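One structure is given below, encoded as structure tokens.
Numbering (the numbering used here), first residue to last: 749 to 1034.
Okay, here's the thing in structure tokens:
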């Protein structure tokens, strides 16, 4: 999906948050803001918001000389995600449809994302989560007779809740491969966080080949592109994966909470609502 003018102030605020997280120095805050404003004018809104944003954030990281400003925050999110997963596991196990319940909790975990929405009440969300757009029945139908699934992860912390969903899907005798980022960007999960969460015990984990938010085909590894094209089912978590993959030719399922009007409008839901969204196969362009 393409970016919109509304994405510009959002990415500026994101860069300012990175500056504040790194230093309290007003000069650094000003320098980051000026850099972001300068870069915005040279980028195309024809790109997905995830790519548009990534190009700017990567340059901000260079200016700050800090390859992972969110390292400490990711550590805290990992601890929160682990504790939360321990609490909800019993609820999932005892529910009428454990896969559906696990999907809800995995989507609730998506609010751990440190993107557009800064404040969140995880406990409240876990109690109230429902899908405003719900394609779960399509997902159940697609699962029949399938042997493999590709799960594209999003953020640190929430991957512990993704793990609960993956564990339930494995009971269907699926071979599941999981994908994380090659390099740190915001609080996205890398191999480090995946290992901490024990995901390697469930199946093979590899990277997109880049540190871009979502998936950038120009930066993605051949390995990722091959696995993505050949997977029988794809689940992708979060805003950035939705933004960068929803218009791909192949079909896929997306689990996310709409945290901005641009994505909410595309999903056909309200800001703050969650979606289990199916994007069907698109006709190939001539």
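Glycine included, every Cβ here is placed at the ideal spot set by N, Cα and C. Only a predicted model underlies this, so the values are computations on that prediction, with no experimental measurement involved.
Asked	Found
Residue nearest to residue 854 in terms of C-alpha spacing, selected from 910, 812 and 900	910
Per-residue burial, residue 753 [other beta carbons within 10 Å of its own, 16 or more giving buried]	exposed
Helix, strand or coil at residue 1000 according to DSSP, with G and I counted as helix	strand
Paired residues, beta bridge with residue 832 - DSSP	Residue 832 is not bridged to any residue.
The alpha helix (DSSP H) enclosing residue 759, as first and last residue numbers	755–770
Residue range of the unbroken alpha helix (DSSP H) whose run includes residue 810	797–812
With 16 other Cβ atoms within 10 Å as the buried cut-off, status of residue 766	buried
Residue 930, buried or exposed, once every other Cβ within 10 Å from all chains shown has been counted against 16	buried
Secondary structure of residue 786, DSSP reduced to three states	helix
Residues bridged to residue 936 [DSSP beta-bridge criterion]	903
Nearest to residue 797 (by Cα), restricted to the options 781, 822, 757 and 783	757
Unbroken alpha helix (DSSP H) run spanning residue 888, endpoints	884–891
DSSP three-state assignment for residue 781, whether helix, strand or coil	helix
Inter-stretch contact at 8 Å, needing at least 3 Cβ pairs: the stretch 918–927 / the stretch 802–811	no
Distance, residue 826 Cα to residue 804 Cα	26 Å
Candidates 945, 936, 934 and 933, of which the one nearest residue 915 by Cα	945
Test item: CB-CB of residue 918 and residue 950 under 8 Å	yes
Backbone secondary structure at residue 1024 - three-state DSSP	strand
Cβ neighbour criterion (16 or more within 10 Å) applied to residue 885	exposed
Nearest residue (CA-CA) to residue 895, options 993, 920 and 878	920
Cβ shell of residue 999 (< 8 Å), same chain only, five flanking positions each side left out	982, 1026, 1027, 1028 and 1029
Among 852, 906 and 901, the one whose alpha carbon lies nearest that of residue 883	852
Test item: CB-CB of residue 764 and residue 781 under 8 Å	yes
With 16 other Cβ atoms within 10 Å as the buried cut-off, status of residue 861	Confidence at residue 861 is low in this model, with a pLDDT of 49, below 50, so the placement of that residue should be treated as unreliable; the coordinate-derived value is given next. The residue is buried, with at least 16 neighbouring Cβ atoms inside 10 Å.
Alpha carbon of residue 759 to alpha carbon of residue 801, nearest angstrom	6 Å
Residue range of the alpha helix (DSSP H) that includes residue 818	Taken as a continuous stretch (DSSP letters only), residue 818 belongs to no alpha helix (DSSP H), as it is neither H nor E.
Beta-carbon separation (whole angstroms), residue 900 vs residue 985, contact threshold 8 Å	6 Å
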